[in-house]
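Participant: Have a look at this one.
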Amino acid sequence: MQCMAAWEVANTMRTAERWGMFELALEGPSGGNPFAGVVLGAQFAYRNRVLYADGFYDGEGTYHVRFMPDTVGEWRYVTQSNCPALDGQEGTFACVEAAPGNHGPVRVHNTYHFAYEDGIPFLPIGTTCYAWVHQGNTLEEQTLETLRRSPFNKLRMCVFPKHYTYNENEPLFYPFERTEAGGWDFNRFNPAFFRHLERRLGQLLELGVEADLILFHPYDRWGFSNMGAEADDRYLRYVVARFSVYRNVWWSLANEYDLMTGKTMGDWDRFFRIIQEHDPHGHLRSVHNCHQFYDHARPWVTHCSIQHSDLGRTSEWRKMYRKPVVVDECCYEGNIEENWGNIPAQELVHRFWLGTVGGGYVGHGETYRHPEDVLWWSKGGVLHGQSPERIAFLRDILAQGPAGGLDPLIDTWREKAVGRAGAYYLFYFGVHQPAEHTFDLPEGSRYRVEVIDTWGMTVTPLEETFEGRFKVPLPGRPYCAVRLRRAE
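See below:
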């Protein structure tokens, strides 16, 4: 589906579904530099509630203001601009009920978890394809088809092209126009670049995949990581104006922000505030580290986005920041030379389960060598590893759990378990392989017991129910879990 066509229909009929897309397309001046010289936005009002959305220039004398209504009923709008031709245009549109499958944007829920705005739980099972939108149509469409058949409902992806090992090709589009001298004019965006990216965002939306948009990164040969403060800020406002209308967008300020030595901690604080102030729809906001964590406790951070290989610390990070913990990078299944990209599938699945019993969420990545350097982690394409189907199995286990999310209940040298006290327990034994285990739960409730083989992807229920202190036979091999649910 071409998203622009959908917006044009909505604009013509003056309707938009709840958490859908309403767009104003306006004709204005094209002389000079409208990207830098023309200020445009609109107030959107429902009864006494007023929200403001920035507009943007899309080239060839066309300007847009986009808005995602969140309440059914009649909305009023009026444009505001320093250009008389764009100022003071007003009208109304009707926000209708959301279509099936439209649950709204994802929000933080129950302190440590996520849910769509309509209350449906969201369990982030993410993957990483940093530069997939910069590879050309054939490979990009293949990536989308792979995602359609995968368990992943969140995708970490860069706005800017990326220069790194296994990813040294030129992108299809560039975000800025060239200067006469051949450099980049950071005052002039290239609308074709952003139209291409928003088309892909729309396709991810149709697949039910959240787009975790990485706004900056250090792996750059074009100069986009060192544009200067004024250009950085203008870029952020432009991206928010264009993309915040997508309900599936999350803002990730950077991949490995602490490697971008040209930016200070004050710069990152400012970036967060710009996004928070200019996004009328309040999408999720995070930043990803290499060595040094950003202070996730700061009020403009909605959740922790963490790179770390020790998933046993997940519950510690929850306690430290009191926010959802997403370990987006814990090393990748693969066989490349770099150690961060050559762990076996068993180890990646093990880390997923460790993060789960720590009360957090974990991200996937794959880095198997390829004769044309088409690695999933960088360029997308197809998946080759053994972890995705086991991650899908874990996703099913999680979906069958309590709607409010799983919180740590037991964290000792001998046992790790999450769940809801007195109702649901999920134990994981990791690399240990006991042939039996003694559970000690409060008296007064009986539990059904299921033994889970996380690698073999089997769930074996025991016939009897149990209460208080009891012993359960186990397979005597690693990567097993036990689920206990209170018997009705």
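For the sequence shown, position 464 (counting from the first letter as 1) is numbered 478 according to this note's numbering, and the numbering increases by one without interruption.
Backbone N, C-alpha and C fix where the C-beta goes; we use that ideal spot for every residue, glycine too.
Quick check on the DSSP output: the beta strand (DSSP E) that includes Ile228 runs from which residue to which?
Facilitator: Taken as a continuous stretch (DSSP letters only), the beta strand (DSSP E) holding Ile228 covers 224-230.
Participant: Would you mind reading off the limits of the beta strand (DSSP E) that contains Pro475?
Facilitator: That run of the beta strand (DSSP E) goes 472-481.
Participant: Sorted by chain position, which residues of the same chain lie with C-beta nearer than 7 angstroms to Met27's C-beta, five sequence neighbours on each side aside?
Facilitator: Only weak support exists for where Met27 lies, its pLDDT of 49 falling under 50; the value from the coordinates is given anyway. If we look at Met27 and ignore the five residues flanking it on each side, it has no Cβ neighbours.
Participant: Leaving out the 5 sequence neighbours to the left and right, which residues in its chain are closer than 7 angstroms to Ser44 when beta-carbon positions are compared?
Facilitator: Glu74, Gly75
Participant: Out of Arg192, Lys393, Gly115, Val463, state which residue places its alpha-carbon closest to the alpha-carbon of Thr152.
Facilitator: Lys393
Participant: Residues bridged to Met35 by DSSP?
Facilitator: None, per the DSSP bridge assignment.
Participant: Taking the DSSP output, what are the residues bridged to Asn181?
Facilitator: Tyr178
Participant: Determine, using beta-carbon pairs with one atom in the stretch 152-172 and one in the stretch 214-227, whether at least three such pairs fall under 8 angstroms.
Facilitator: yes
Participant: Per DSSP, which residues does Ile320 bridge with? Please list them.
Facilitator: Val341
Participant: In three-state DSSP terms, what is Gln94?
Facilitator: strand
Participant: According to DSSP, is Ser300 part of a helix, a strand, or is it coil?
Facilitator: strand
Participant: Which same chain residues end up closer than 7 angstroms to Tyr71 when comparing Cβ atoms and leaving out the 5 residues on each side of it in sequence?
Facilitator: For Tyr71, same chain residues with a beta-carbon under 7 angstroms away, outside a window of 5 residues either side, are Pro48, Phe49, Val52, Tyr77 in chain order.
Participant: With a Cβ-Cβ cutoff of 7 angstroms, do Leu227 and Ile288 count as a contact?
Facilitator: no
Participant: Rounded to whole angstroms, what's the CA-CA distance from Ala206 to Ile357? Just pull it up for me.
Facilitator: Answer to the nearest angstrom: the Cα atoms are 38 angstroms apart.
Participant: I'd like the span of the alpha helix (DSSP H) that includes Asn116, first residue to last.
Facilitator: Neither: Asn116 is in no alpha helix (DSSP H) and is coded neither H nor E.
Participant: How big is the Cα-Cα spacing for Ala30 and Ala113?
Facilitator: 10 angstroms
Participant: Name the residue from Gly118, Tyr144, Ser266, Asp467 whose alpha carbon lies nearest to the alpha carbon of Asp132.
Facilitator: Gly118
Participant: For Phe441, tell me which candidate among His302, Ile411, Ser459, Ala417 has the shortest Cα-Cα distance.
Facilitator: Ile411
Participant: Give a yes or no on whether the C-beta atoms belonging to Val79 and Gly87 are separated by under 7 angstroms.
Facilitator: no
Participant: In terms of residue numbering, what span does the alpha helix (DSSP H) encompassing Met241 cover?
Facilitator: Neither: Met241 is in no alpha helix (DSSP H) and is coded neither H nor E.
Participant: For Cys172, write down the residues that DSSP places opposite it in a beta bridge.
Facilitator: Answer is Ile228, bridged to Cys172.
Participant: Using 8 angstroms as the Cβ pair cut-off and three pairs as the minimum, do the stretch 378-393 and the stretch 143-151 touch?
Facilitator: yes
Participant: With Val371 as the anchor, note down where its alpha helix (DSSP H) starts and where it stops.
Facilitator: 359-371
Participant: Just verifying my parser: in three-state terms, what is the DSSP assignment at Val253?
Facilitator: helix
Participant: Thinking Leu298 and Trp265 are a contact (beta carbons under 8 angstroms), I'd like their distance in whole angstroms, please.
Facilitator: Right, their Cβ atoms sit about 7 angstroms apart.
Participant: Measuring CB atoms only, is the stretch 258-277 touching the stretch 302-310, in the sense that at least three cross pairs come out at less than 8 angstroms?
Facilitator: Flag = yes, the stretch 258-277 and the stretch 302-310 touch.
Participant: Does the beta-carbon distance from Thr141 to His378 come in below 7 angstroms?
Facilitator: yes
Participant: In the DSSP assignment, the beta strand (DSSP E) including Ala59 goes from what residue to what residue?
Facilitator: 54-60
Participant: Where does Asp272 sit, in a helix, a strand or coil, going by DSSP?
Facilitator: helix
Participant: Looking only at its chain, what residues have a beta carbon closer than 8 angstroms to the beta carbon of Lys485, apart from the 5 residues adjacent to it on each side?
Facilitator: Glu450, His451, Thr452, Phe453
Participant: Find out if the Cβ-Cβ distance for the pair Glu457, Arg497 is shorter than 7 angstroms.
Facilitator: no
Participant: What separation, rounded to the nearest whole angstrom, lies between the Cα atoms of Arg121 and Glu194?
Facilitator: The alpha-carbon atoms of Arg121 and Glu194 are separated by roughly 45 angstroms.
Participant: When DSSP labels each residue in this structure, what does Gly433 get in the three-state scheme?
Facilitator: strand
Participant: May I have the straight-line CA-CA distance separating Asp247 from Glu212, to the nearest angstrom?
Facilitator: 20 angstroms
Participant: Under 7 angstroms, do Gln217 and Leu137 count as touching if we go by C-beta distance?
Facilitator: With contacts defined as CB atoms closer than 7 angstroms, Gln217 and Leu137 fail to qualify as a contacting pair.
Participant: Looking at the structure shown, is Leu153 part of a helix, part of a strand, or coil, going by DSSP?
Facilitator: helix
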